[in-house]
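See structure below.
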Amino acid sequence: MSRLTLFILFFWFCPVHSQTLFTEVSDEIGVDYVYPGVDFQMAGGGVMVIDVNNDGWEDFYQSGGVFDSKLWVNHQGTFKDETKRYGLNILSGYFIQGAFAADFNNDGFEDFFIANFGLGMGMGDKHAPLLLVNDNGNGFKPHYLDSLLQPEDYTSATWGDFNKDGYSDLYITNYVATMGELMDSSKNVIGYDPICSENKLLLNVNGTGFREVSDLYGLNNSGCGLAARFTDFDKDGDLDLLLLNDFGEWTDEGNKCYRNEFPEAAFTDISDAIGFNHRMYGMGIGPGDFDHDNDLDYFVTNVGPNYLFQNEGDTLSNVAIQMQLDDPYAYNTTFGTSWSGFFFDYEFDGDLDLYVSKGNVAILVPPTSVSDPNRIYINDNGAYVDSSSGSGVNDILSHRGAVILDYDHDGDLDIISSIVKLPWGKFSGLEQKLKIYRNEANAGNWIGIKLKGTDGLAFDCFGCALVFEQNGRETRMEVDGGSGQASQSTRINYYGLGKAKRLEKLRIEWLNGEVLELNKLKANKMYEITLDGIQVVR
C-alpha cells in the first residue's frame, strides 16, 4: 500500500474538528480570580454586564455564590477587580446567585439588584436581597429591601416597565423552601418532593423604592422558579412574562407564560393555551428571532432535552428536535445539563448562532453526566451545525451563567461564561474559574444600537423593540432585562450585515407606542438613539 493511500485512509477515518472560534483569555486580560474552595450550596454562577462609570467600555459583575462576588471594571480591553473601590465589599458574606442592572431612578447611571440564597435549606446567608444604587459612577450605596422581602432563596430576576409608567420594575424568582425525597420500597431515591417559595413582583415607585404587588397582579407563582424574562412575545406593546420552574416533573408546576393585560392591573396565565406549560427542569431563557419573521422565539434550557419555542403568534411550538438543538445527552449516553443558552451572531453574517453553557449538578434523578462540555451551534443558511469540537468554548467545568458583549471593541461579540466550583472539579486538573472567550472570527460588517429612554420612557428602554430589515428579512430584538441563567448580557443590540455597507432599515417601536424608522445607517458604527435624535458614539 502506498504512502499516499495510507494518508488518504488516515484522513478519511480521522474526525475533522471545527476551527477554533474562540480563545480563552481571562488570565491574559486580568480576570484571575480562582474560587478558593468548594460550593456545596451550588449558588452563584450568574454574570451581569454593566457600564458602572459610563465610559462606554462595558464592565461585568461575577456572582460568586458562597465565595466573594467581584466587580470587574473594563480598562479599554483589560479588567481590574474594583469591588472594594466601588463600595461593593459590603456584599461580603452574601451568597449571590445573580445580579441584574437597570437605571432604577432614571438618573443616567446603572444600578443593580442582587438575588441571593438567604436560606439555603438551613445554610444560607440569612440576608434579604438588596438594590445597589449607583452614585454618579463613583460607587454604589445599598438600598435595603428588608421591609419587602424576607431572606429566602432568590435565584434570578428580570427588569421591565410592565405598567408603562416610565420606571423599570422587577420580577424575582424564588426557589426551594424545603426539599424532600421520594423513595421506592427499597429506599432508593426516585424523585423529589420540594416545597417552593413564592416569586415576587416589585413595582418601582418613581425611582424612590418599590411596592410588592405579586398578589395583585397574579404573579405569585410558587413553582421553584429559576429564570424569568419580561418580553413582548405577542407584540402588543406591553411586557408579558415568561417563567421557568425547576422540578416540574415532581411539582406539577410547569413553565408559565403570563400575558400582560395593560392598562388593567393584571396578568393572565395562558401557558396551556399557548403551549408553554412544559413540566421540566427549567434553567434559562434565551430570546432570539432565529427564523427572521419579526417575532421573538425562545431557547429554554433543561436537564436532558432543551426546547426551542418558535413563536407562531398564538402558539409557542417546540422545534428543538427539528432544528437539532435539543441536545439531551452528554457523549450520547447520560443526560446533560444546560444552563444559559443565548442567540447571537458569531461572525456577523446576519444569522443568529447559539451558545449553550453546560455543567453538572449534584442530583440523583435523573442521572447526569459529570463531564458535560459547552456547546456552540453555527447557523448555516437556517440549519444549525454543532461546531463545539475544537471551538475553544467546549470546556467541561460546571458552567452556569453566560453573557455576550464586545469587551475589546474589535467589532465582534465575545462570551463570558461563569462556573460553580463543585467537589469533583478538582479531579479535572482544570483551573476552577470564570472563562472569557475572545471571538476570533473574521467577522462581517455590523450595526450596534443603544436605546435610551427620554420623555416619560424608562431610561433603560426594557420593552422597546428593534426590527432590523435587510435583504427581505425582518429580525426582531429587545433590550436585555435579564436572560440565560441568573445573567444579563449587554444592553446594546448588534446586527450582522455581512459584506453590506449599510443597513437598509431600522424600525424602533418605543414602549409609549411611538415608532421611529431610520434608513441607510452606515455599517461598523455604534448608534445611541432616543426619542429626540440619534448620534454616533463609536
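All you need for the numbering used here is the position in the sequence shown, starting with 1, plus 8. Glycine is no exception: its CB is placed at the ideal position from the N, C-alpha and C atoms.
Burial state of residue i, where buried means 16 or more other Cβ atoms lie within 10 Å
i, result
"I203", "exposed"
"Y339", "exposed"
"N196", "exposed"
"A531", "buried"
"M485", "buried"
"S155", "exposed"
"V428", "buried"
"E272", "exposed"
"L438", "exposed"
"T538", "buried"
"K528", "exposed"
"K172", "buried"
"P431", "exposed"
"L190", "exposed"
"F19", "With a pLDDT of 32 at F19, under the threshold of 50, the predicted position of this residue should be treated as unreliable, though the coordinate-derived value follows. The residue is exposed, with fewer than 16 neighbouring Cβ atoms inside 10 Å."
"R11", "Below a pLDDT of 50, predicted positions are generally treated as unreliable, and R11, at 41, falls in that range; no measurement from the model is reported."
"Q440", "buried"
"I282", "buried"
"S406", "buried"
"S193", "exposed"
"G541", "exposed"
"L17", "Per-residue confidence for L17 stands at a pLDDT of 33, beneath the threshold of 50, marking its modelled position as unreliable; no derived number is given."
"D133", "buried"
"P381", "buried"
"D223", "exposed"
"S397", "exposed"
Distance CB(residue i)-CB(residue j) smaller than 8 Å
i, j, result
"M534", "V523", "no"
"Y363", "N82", "no"
"M291", "N319", "no"
"I444", "E32", "yes"
"L247", "A236", "no"
"L252", "V213", "no"
"L519", "F476", "no"
"G145", "V55", "no"
"W347", "R408", "yes"
"G492", "F350", "yes"
"S164", "G490", "yes"
"L29", "G400", "yes"
"F103", "G130", "no"
"I98", "P150", "yes"
"M187", "Y179", "no"
"Y385", "D403", "no"
"T498", "L413", "yes"
Of the listed residues the options, nearest to residue i (C-alpha basis)
i, options, result
"N182", "L190, N229, D246 and D76", "N229"
"Y175", "F148, Y69, D111 and D359", "D111"
"T216", "F238, T259, A165 and Y152", "Y152"
"N387", "A410, L252 and F356", "F356"
"D420", "F351, A494 and Y502", "Y502"
"L6", "V411, G126, T28 and D418", "This structure leaves residue 6 out entirely; the chain is present only between 9 and 546."
"L227", "D277, E261 and G245", "D277"
"M452", "D403, L505, G541 and T498", "For the sequence presented, residue 452 should be read as Gly rather than Met. Taking only the C-alpha atoms, the option nearest G452 is L505."
"A508", "G358, K149 and G521", "G358"
"F241", "D297, N285 and C232", "D297"
"L511", "G456, D540 and K460", "G456"
"F284", "C232, L224, D322 and N113", "D322"
"T345", "P313, D353 and Q332", "P313"
"H417", "H300, G85 and D63", "G85"
"Q70", "I500, Q496, L526 and Q543", "Q496"
Extent of the continuous beta strand (DSSP E) to which residue i belongs
i, result
"T181", "D177 to N182"
"H407", "H407 to L413"
"W80", "K78 to N82"
"N611", "Here the chain covers residues 9 to 546 and nothing more, so residue 611 does not appear."
"L524", "V523 to K530"
"M485", "R481 to E486"
"P431", "Here P431 belongs to no beta strand (DSSP E), and DSSP marks it neither H nor E."
"F476", "A473 to Q478"
"T238", "The question names Thr, but residue 238 is Phe in the sequence shown. Here the beta strand (DSSP E) through F238 covers G233 to T239."
"S348", "S346 to F352"
"I542", "G541 to V544"
The alpha helix (DSSP H) enclosing residue i, as first and last residue numbers
i, result
"E257", "G256 to T259"
"I282", "S279 to I282"
"A426", "According to the sequence displayed, residue 426 carries Ser and not Ala. No alpha helix (DSSP H) holds S426; the beta strand (DSSP E) holding it covers D422 to I427."
"S222", "S222 to Y225"
DSSP bridge partner residues for residue i (one or two, in chain order)
i, result
"E32", "Y445"
"C204", "V184"
"P150", "L140"
"K264", "L251"
"L465", "Paired residues: none, contrary to the question."
Proximity test, residue i beta-carbon vs the ligand FMN heavy atom, cut-off 7 Å
i, result
"L529", "By its list of ligands, the structure shown contains no ligand whatsoever, and the ligand FMN lies outside what it can speak to."
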